[in-house]
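For reference, the structure discussed in these notes is given below.
Have a look at this one:
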């Protein structure tokens, strides 16, 4: 009889306008399935011990979650989605903006109020033990509350700016970037990027001050540096054209086979170095 | 599906004596740990505050959430998304405090780390991403590991919207950049470095390497280093003494 009642109640919950939950019966000590009707709301799902709101199409699977926003869903524990159109998978998450997708973990021992700030609208934010996603996958790349569809970008770590109209720091990706990486420090002690081979040998790195180390060869269209000579060449040019860009550049007269090095940046500032 | 009626029935398995649990599906096993749950089939959750959504998953450590198939995290505090190879080779997320993502793999292809310490510590609200590799190095925002070590695979490719490559780094660390590199200084044993100074006639300073250039921007001398000891500069251009030039001009006049 009890089993029939359980199935009946669960069937009612499926029909819409209702929620079902497993809860401990304080009298019998057994877990029972019960229905919690949410009047005036659309279809809701509540599996577990949660606190759903009365808004349209929100759903909870897990325990100790609360959602008072429409079109939102939480899968996990101790989460709160009080913003619309949020999808959360994880624990100890609390949203602060609409249109987010968070995959986020946390710890009861550390804090139960993670991720209260810095949500990026229109992104999937991924992290664990962090107040903001360590990685955000953006739809579009506008650095504002708008986003633009089919192409987007990935932001690793934070870039924050103060949004006066909401009086809060928000984190956004730069505009028009496919990949944006922020270092942890700015003192040379951390790295924006490391590339290692399958044996763990470092082949490429960029530290937080932009110092780049390439283990292999390096090819470039051209290199612009005050400390690296640039080679200019032309045939039959005896007028020392072009004007040197900087000291130490090379000019090769490919017709006369003469080699010049600039020791001055004025016109004619080339020194012929071959006999 | 109920084989007799042909309709879909709910299957519920209540575990008396445990905390609140969720068990939607068949052939799942839940422990008496509080706040665990399963939605799917053939999954085992023997851990507190853990949830499996999918099939054939195994959770034995607390505070794990998995979504997918053949997933088996082996440490606490993980989120694992994807699918393992098969039931005997599940995808194992063994990195504490991470979100691991992969498919048809025995380990996640991408880990998003909380903080950046290796091990069970973490550093607040910034972290790092590791693609294809072992533990993330300390204080590293993005770490990529190549598939091979023979130049046949790439760490990184950057292409424009039409598919044209603009930058590549292969698994030997060879970097090709089709555009312009603007850099403060380029340090390479095969590329000369320009040193300059005004009015320095003492062959200052000591060359850093063979082949470096020294430009005396006052006297006009152009030197190339032939060694790395002080004075190892060779003057390439002939500098005529000023008196000699004046005399020569007067003679011509």
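Chains as they are written, first to last, in the numbering used here: chain H, 18 to 292; chain V, 46 to 298.
Beta carbons are placed, not taken as given, at the ideal position from N, Cα and C, and that holds for glycine.
### Task
Buried or exposed for residue 205 of chain V, please, with buried defined as at least 16 other CB atoms from any protein chain shown within 10 angstroms of its CB.
Here residue 205 of chain V is taken as the residue at index 160 of the second chain, counted from 1. By the neighbour-count rule (16 or more Cβ atoms within 10 Å), residue 205 of chain V is not buried but exposed.
### Query
For the beta strand (DSSP E) that residue 120 of chain H lies in, which residues bound it at each end?
As a working note, residue 120 of chain H is residue 103 in the first chain. Looking at the DSSP string, the run of the beta strand (DSSP E) that includes residue 120 of chain H is 117-122.
### Task
Note down the Cα distance separating residue 289 of chain H from residue 155 of chain V, rounded to an integer number of angstroms.
As a working mapping, residue 289 of chain H is identified with position 272 in the first chain. As a working mapping, residue 155 of chain V is identified with position 110 in the second chain. C-alpha separation (whole angstroms): 56 Å.
#### Entry: CB contact below 8 Å: residue 205 of chain V versus chain H
On the second chain, residue 205 of chain V is found 160 positions in, with the first residue counted as 1. Chain H, which has no Cβ nearer than 8 Å to the Cβ of residue 205 of chain V, makes this no.
#### Entry: Within-8 Å CB hit, residue 219 of chain V to chain C
Note that chain C does not occur in the displayed structure, where the protein chains are H and V.
### Query
Going straight from the alpha carbon of residue 101 of chain H to that of residue 234 of chain H, what length do you get?
In the first chain, counting from the first residue as 1, residue 101 of chain H sits at position 84. In the first chain, counting from the first residue as 1, residue 234 of chain H sits at position 217. Approximately 51 Å between the Cα atoms of the pair.
### Task
Could you tell me whether any non-hydrogen atom of the ligand GDP is closer than 7 Å to the CB of residue 129 of chain V?
Here there are no bound small molecules, and the ligand GDP is not part of this structure.
### Task
Could you check what DSSP says for residue 141 of chain V in three-state terms: helix, strand or coil?
The residue labelled residue 141 of chain V in the question sits at position 96 within the second chain. Residue 141 of chain V: coil per DSSP, three-state reduction.
### Query
In its own chain, which residues sit with a C-beta less than 8 Å from the C-beta of residue 87 of chain H, not counting the 5 before and 5 after it?
Along the first chain, read from residue 1 onward, the residue named residue 87 of chain H stands at position 70. Excluding residues within five positions, the ones whose Cβ falls inside 8 Å are 72, 73, 74, 75, 101, 102.
### Task
Run through the region 243-272 of chain H for me and flag every whole beta strand (DSSP E) of 3 or more residues, listed as ranges in chain order.
248-251, 267-270
### Query
Would you report the Cα separation of residue 143 of chain H and residue 198 of chain H, rounded to the nearest angstrom?
The count along the first chain starts at 1 and reaches residue 143 of chain H at position 126. The count along the first chain starts at 1 and reaches residue 198 of chain H at position 181. Going by the C-alpha atoms only, they are around 14 Å apart.
### Query
With respect to the beta strand (DSSP E) encompassing residue 69 of chain H, which residues constitute its N-terminal and C-terminal limits?
Counted from its first residue, the first chain places residue 69 of chain H at position 52. Start and end: 62-69.
### Task
Ignoring anything shorter than 3 residues or poking outside the region 240-270 of chain V, list the beta strand (DSSP E) runs there in chain order.
258-261, 267-270
### Message
Please state the DSSP three-state secondary structure of residue 137 of chain H.
### Response
In the first chain, the residue the question calls residue 137 of chain H occupies position 120. DSSP places residue 137 of chain H in coil when its eight states are reduced to three.
### Message
Closest to residue 76 of chain V by C-alpha separation, out of V:85, V:50, V:103, V:99, would be which residue?
### Response
The residue you call residue 76 of chain V lines up with position 31 of the second chain. Looking at the Cα atoms, V:103 is the closest of the given residues.
### Query
With 16 other CB atoms within 10 Å as the buried threshold, where does residue 142 of chain V fall?
Here residue 142 of chain V corresponds to residue number 97 of the second chain, with the count starting at 1. Buried, because 16 or more other Cβ atoms sit within 10 Å of the Cβ of residue 142 of chain V.
### For residue 218 of chain V, the nearest candidate out of H:149, H:229, H:270, H:244 (CA to CA)
Residue 218 of chain V sits at position 173 when you count from the first residue of the second chain. Considering only H:149, H:229, H:270, H:244, the residue with the shortest C-alpha distance to residue 218 of chain V is H:229.
### Message
Does the region 228-239 of chain V come into contact with the region 238-251 of chain H, if we say contact requires no fewer than three beta-carbon pairs (one atom in each stretch) closer than 8 Å?
### Response
yes
### Query
Between the C-alpha atoms of residue 191 of chain V and residue 210 of chain V, what's the straight-line distance to the nearest angstrom?
Counting from 1 along the second chain, the entry for residue 191 of chain V is found at position 146. Counting from 1 along the second chain, the entry for residue 210 of chain V is found at position 165. Rounded to whole angstroms, residue 191 of chain V to residue 210 of chain V spans 18 Å at the Cα level.
### Message
So, with DSSP's three-state summary, where would you put residue 237 of chain H?
### Response
As a position in the first chain, residue 237 of chain H is number 220, starting the count at 1. Residue 237 of chain H falls in the strand class under three-state DSSP.
### Task
Compare the C-beta of residue 110 of chain H with all C-beta atoms of chain V and state if any pair is closer than 8 Å.
In the first chain, counting from the first residue as 1, residue 110 of chain H sits at position 93. Taking a beta-carbon distance threshold of 8 Å, residue 110 of chain H does not count as an interface residue toward chain V.
### Message
Below 7 Å on C-beta distance, what does residue 104 of chain H contact in chain V?
### Response
By 1-based counting over the first chain, the position of residue 104 of chain H is 87. Simply none; closest approach about 12 Å.
### Task
Tell me, to the nearest whole angstrom, how far the beta carbon of residue 275 of chain H is from that of residue 247 of chain H; I am working on the premise that it is less than 8 Å.
Reading the first chain from its first residue, position 258 is the one you call residue 275 of chain H. Reading the first chain from its first residue, position 230 is the one you call residue 247 of chain H. 17 Å between Cβ atoms; not a contact.
### Pick from H:216, H:154, H:231, H:238 that is closest to residue 201 of chain V, judged by C-alpha positions
Mapped onto the second chain, residue 201 of chain V falls at position 156. Looking at the Cα atoms, H:231 is the closest of the given residues.
### Alpha-carbon to alpha-carbon, residue 204 of chain H and residue 281 of chain V
Here the question's residue 281 of chain V lines up with position 236 in the second chain. Here the question's residue 204 of chain H lines up with position 187 in the first chain. If you draw a straight line from the Cα of residue 281 of chain V to the Cα of residue 204 of chain H, it is about 41 Å long.
#### Entry: Secondary structure of residue 195 of chain H, DSSP reduced to three states
On the first chain, residue 195 of chain H is found 178 positions in, with the first residue counted as 1. Residue 195 of chain H: coil per DSSP, three-state reduction.
### Message
Between residue 99 of chain H and chain V, is the shortest Cβ-Cβ distance under 8 Å, so that the two count as touching?
### Response
The residue given as residue 99 of chain H occupies position 82 in the first chain. It does not: the Cβ of residue 99 of chain H has no partner Cβ on chain V nearer than 8 Å.
### Task
Determine the contact status of residue 65 of chain H and residue 67 of chain V, defining contact as a CB-CB distance below 8 Å.
Residue 65 of chain H sits at position 48 when you count from the first residue of the first chain. Residue 67 of chain V sits at position 22 when you count from the first residue of the second chain. Cβ atoms of residue 65 of chain H and residue 67 of chain V: closer than 8 Å.
#### Entry: Any C-beta of chain H under 8 Å from that of residue 135 of chain V
Translated into positions along the second chain, residue 135 of chain V becomes position 90. Residue 135 of chain V does not count as touching chain H.
### Query
Alpha carbon to alpha carbon, what distance is there between residue 236 of chain V and residue 222 of chain H?
Counting from 1 along the first chain, the entry for residue 222 of chain H is found at position 205. Counting from 1 along the second chain, the entry for residue 236 of chain V is found at position 191. Their Cα atoms are separated by approximately 20 Å.
### Query
When the cut-off is 8 Å and only beta carbons count, does residue 94 of chain V lie next to chain H?
Your numbering for residue 94 of chain V matches position 49 in the second chain. Yes, residue 94 of chain V lies at the interface with chain H (some Cβ there is under 8 Å from its Cβ).
### Message
Residues of the region 95-121 of chain V in Cβ contact with chain H at a cutoff of 8 Å, in chain order, please.
### Response
96, 98, 108, 110, 112
### Message
At a CB distance below 7 Å, what residues from the region 232-264 of chain H approach chain V? Give them in sequence order.
### Response
232, 233, 234, 235, 236, 237, 238, 239, 240, 241, 242, 244, 245, 246, 264
#### Entry: According to DSSP, residues forming a beta bridge with residue 128 of chain V
Here the question's residue 128 of chain V lines up with position 83 in the second chain. Bridge partners of residue 128 of chain V: V:114, V:148.
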